[in-house]
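In the UniProt record's numbering, the protein residues as written are 1 to 152.
Notes follow once the structure below has been shown.
Listed below in C-alpha coordinates is the structure:
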(Lines of atoms letter the chains of each structure in order from A and count residues from 1; the text may use other names and numbers.)
(Lines give C-alpha, C1' and ligand atoms only; values in the text may rest on other atoms or scores of the structure.)
Protein backbone atom coordinates (compact mmCIF):
# COMPACT_ATOMS: atom_id res chain seq x y z
CA UNK A 1 0.00 0.00 0.00
CA UNK A 2 1.16 3.51 -0.72
CA UNK A 3 0.38 6.95 0.67
CA UNK A 4 2.07 10.29 0.41
CA UNK A 5 2.32 13.82 1.76
CA UNK A 6 3.17 16.77 -0.51
CA UNK A 7 4.35 19.99 1.16
CA UNK A 8 4.20 23.32 -0.63
CA UNK A 9 3.81 26.95 0.42
CA UNK A 10 0.09 26.88 -0.37
CA UNK A 11 -0.62 23.88 1.86
CA UNK A 12 0.02 20.27 2.72
CA UNK A 13 -1.72 17.56 0.68
CA UNK A 14 -2.21 14.10 2.19
CA UNK A 15 -3.08 11.03 0.13
CA UNK A 16 -4.05 8.18 2.44
CA UNK A 17 -2.75 4.69 1.86
CA UNK A 18 -4.33 2.74 -0.97
CA UNK A 19 -3.39 -0.47 -2.80
CA UNK A 20 -2.70 1.09 -6.22
CA UNK A 21 1.04 1.72 -6.06
CA UNK A 22 1.66 2.15 -9.78
CA UNK A 23 -0.21 5.45 -10.10
CA UNK A 24 1.43 6.90 -7.00
CA UNK A 25 4.91 5.81 -8.10
CA UNK A 26 4.21 7.42 -11.46
CA UNK A 27 3.50 10.68 -9.63
CA UNK A 28 6.90 10.37 -7.93
CA UNK A 29 8.53 9.99 -11.34
CA UNK A 30 7.11 13.37 -12.43
CA UNK A 31 8.05 15.40 -9.35
CA UNK A 32 9.56 18.79 -10.01
CA UNK A 33 11.10 21.29 -7.66
CA UNK A 34 8.85 23.61 -5.69
CA UNK A 35 9.38 25.95 -2.77
CA UNK A 36 8.27 25.17 0.77
CA UNK A 37 8.59 27.57 3.68
CA UNK A 38 10.15 26.60 7.00
CA UNK A 39 6.72 26.39 8.65
CA UNK A 40 5.61 23.90 5.99
CA UNK A 41 8.44 21.48 6.69
CA UNK A 42 7.38 21.22 10.33
CA UNK A 43 3.78 20.54 9.32
CA UNK A 44 5.01 18.12 6.70
CA UNK A 45 6.68 15.75 9.13
CA UNK A 46 3.75 16.02 11.55
CA UNK A 47 1.35 15.23 8.69
CA UNK A 48 3.46 12.27 7.71
CA UNK A 49 3.43 10.89 11.23
CA UNK A 50 -0.37 11.38 11.36
CA UNK A 51 -0.75 9.54 8.04
CA UNK A 52 0.97 6.48 9.49
CA UNK A 53 -1.00 6.69 12.73
CA UNK A 54 -4.40 6.99 11.03
CA UNK A 55 -3.95 4.97 7.85
CA UNK A 56 -0.87 2.79 8.19
CA UNK A 57 -1.15 -0.93 8.75
CA UNK A 58 0.73 -2.02 11.85
CA UNK A 59 1.52 -5.51 10.55
CA UNK A 60 3.74 -4.29 7.71
CA UNK A 61 6.98 -2.37 7.41
CA UNK A 62 6.41 1.39 7.36
CA UNK A 63 8.74 3.54 5.28
CA UNK A 64 8.70 7.31 4.73
CA UNK A 65 10.61 8.80 1.80
CA UNK A 66 11.52 12.47 2.27
CA UNK A 67 12.74 14.42 -0.77
CA UNK A 68 14.54 17.64 0.19
CA UNK A 69 15.69 20.27 -2.32
CA UNK A 70 19.06 22.00 -2.13
CA UNK A 71 17.77 25.36 -0.86
CA UNK A 72 15.75 23.89 2.02
CA UNK A 73 17.13 23.82 5.57
CA UNK A 74 15.78 20.83 7.47
CA UNK A 75 18.30 20.67 10.28
CA UNK A 76 16.42 22.65 12.93
CA UNK A 77 15.51 21.22 16.34
CA UNK A 78 11.81 20.75 15.55
CA UNK A 79 12.57 18.74 12.41
CA UNK A 80 15.02 16.51 14.25
CA UNK A 81 12.59 15.90 17.11
CA UNK A 82 9.77 15.04 14.68
CA UNK A 83 12.08 12.65 12.81
CA UNK A 84 13.14 11.04 16.09
CA UNK A 85 9.49 10.56 17.10
CA UNK A 86 8.81 8.82 13.78
CA UNK A 87 11.81 6.52 14.23
CA UNK A 88 10.63 5.65 17.76
CA UNK A 89 7.29 4.57 16.26
CA UNK A 90 9.19 2.11 14.04
CA UNK A 91 8.86 4.14 10.83
CA UNK A 92 11.91 3.90 8.58
CA UNK A 93 12.93 7.29 7.17
CA UNK A 94 14.57 7.37 3.75
CA UNK A 95 15.94 10.82 2.97
CA UNK A 96 16.75 11.96 -0.57
CA UNK A 97 18.47 15.31 -0.92
CA UNK A 98 18.79 16.96 -4.30
CA UNK A 99 21.56 19.28 -5.48
CA UNK A 100 23.49 19.59 -2.21
CA UNK A 101 27.26 19.82 -2.17
CA UNK A 102 27.92 21.29 1.28
CA UNK A 103 29.22 18.59 3.64
CA UNK A 104 27.83 20.24 6.79
CA UNK A 105 24.31 20.36 5.29
CA UNK A 106 24.58 16.77 4.05
CA UNK A 107 25.68 15.58 7.49
CA UNK A 108 22.81 17.45 9.09
CA UNK A 109 20.26 15.90 6.73
CA UNK A 110 21.80 12.47 7.23
CA UNK A 111 20.76 12.70 10.89
CA UNK A 112 17.09 12.71 9.81
CA UNK A 113 17.44 9.36 7.98
CA UNK A 114 17.12 6.10 9.88
CA UNK A 115 20.62 4.95 8.85
CA UNK A 116 23.39 5.65 6.33
CA UNK A 117 21.92 3.24 3.78
CA UNK A 118 18.62 5.17 3.97
CA UNK A 119 20.23 8.45 2.85
CA UNK A 120 20.55 9.34 -0.86
CA UNK A 121 22.15 12.33 -2.59
CA UNK A 122 20.96 13.06 -6.14
CA UNK A 123 22.33 15.77 -8.45
CA UNK A 124 18.92 16.78 -9.89
CA UNK A 125 15.17 16.18 -9.76
CA UNK A 126 15.41 14.23 -13.03
CA UNK A 127 17.33 11.53 -11.12
CA UNK A 128 14.16 10.78 -9.13
CA UNK A 129 12.93 8.74 -12.11
CA UNK A 130 15.73 6.21 -11.65
CA UNK A 131 15.33 6.16 -7.88
CA UNK A 132 11.56 5.60 -8.20
CA UNK A 133 12.25 2.65 -10.49
CA UNK A 134 14.80 1.24 -8.06
CA UNK A 135 12.44 1.62 -5.10
CA UNK A 136 9.57 -0.05 -6.95
CA UNK A 137 11.47 -3.27 -7.59
CA UNK A 138 12.20 -6.06 -5.17
CA UNK A 139 10.58 -9.27 -4.04
CA UNK A 140 8.56 -7.77 -1.19
CA UNK A 141 8.00 -4.11 -2.02
CA UNK A 142 4.78 -4.37 -4.03
CA UNK A 143 3.21 -6.77 -1.53
CA UNK A 144 4.12 -5.72 1.99
CA UNK A 145 5.39 -2.15 2.36
CA UNK A 146 3.58 0.96 3.44
CA UNK A 147 5.63 3.60 1.63
CA UNK A 148 4.88 7.22 2.31
CA UNK A 149 6.40 9.95 0.19
CA UNK A 150 7.11 13.50 1.22
CA UNK A 151 7.74 15.53 -1.89
CA UNK A 152 9.79 18.69 -1.55
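Built from N, CA and C at the ideal position, the CB exists for glycine as well.
Should residue 110 be counted as a contact of the ligand ADP given a C-beta to heavy atom distance under 7 Å? The ligand ADP is not part of this structure, which contains no ligands at all.
Given residue 126 as reference, the closest of 107, 115, 97 once Cα atoms are compared: 97
Grab me the residues of residue 99's own chain with a C-beta within less than 7 Å of its C-beta, minus the 5 sequence neighbours each way, in chain order. 69, 70, 123, 124
CA-to-CA distance, residue 134 to residue 128, given in whole angstroms: 10 Å
Expressed to the nearest angstrom, what Euclidean distance is found between the alpha-carbon atoms of residue 87 and residue 130? 26 Å
Can you tell me where the beta strand (DSSP E) holding residue 92 begins and where it ends? 91-98
Here's the rule: buried if 16 or more other CB atoms are within 10 angstroms of the residue's CB, otherwise exposed. What is residue 59? exposed
In this structure, how does DSSP classify residue 69 when only helix, strand and coil are distinguished? strand
DSSP three-state call for residue 112: helix, strand or coil? coil
On a Cα-Cα basis, can you pick out the residue from 105, 66, 50 that is closest to residue 114? 66
Can you check DSSP and say which residues form a bridge with residue 120? 96
Out of curiosity, what's the CA-to-CA distance linking residue 61 and residue 52? 11 Å
Proximal residues to residue 119 (C-beta, below 6 Å), its chain only, five neighbours per side dropped: 95, 110, 113
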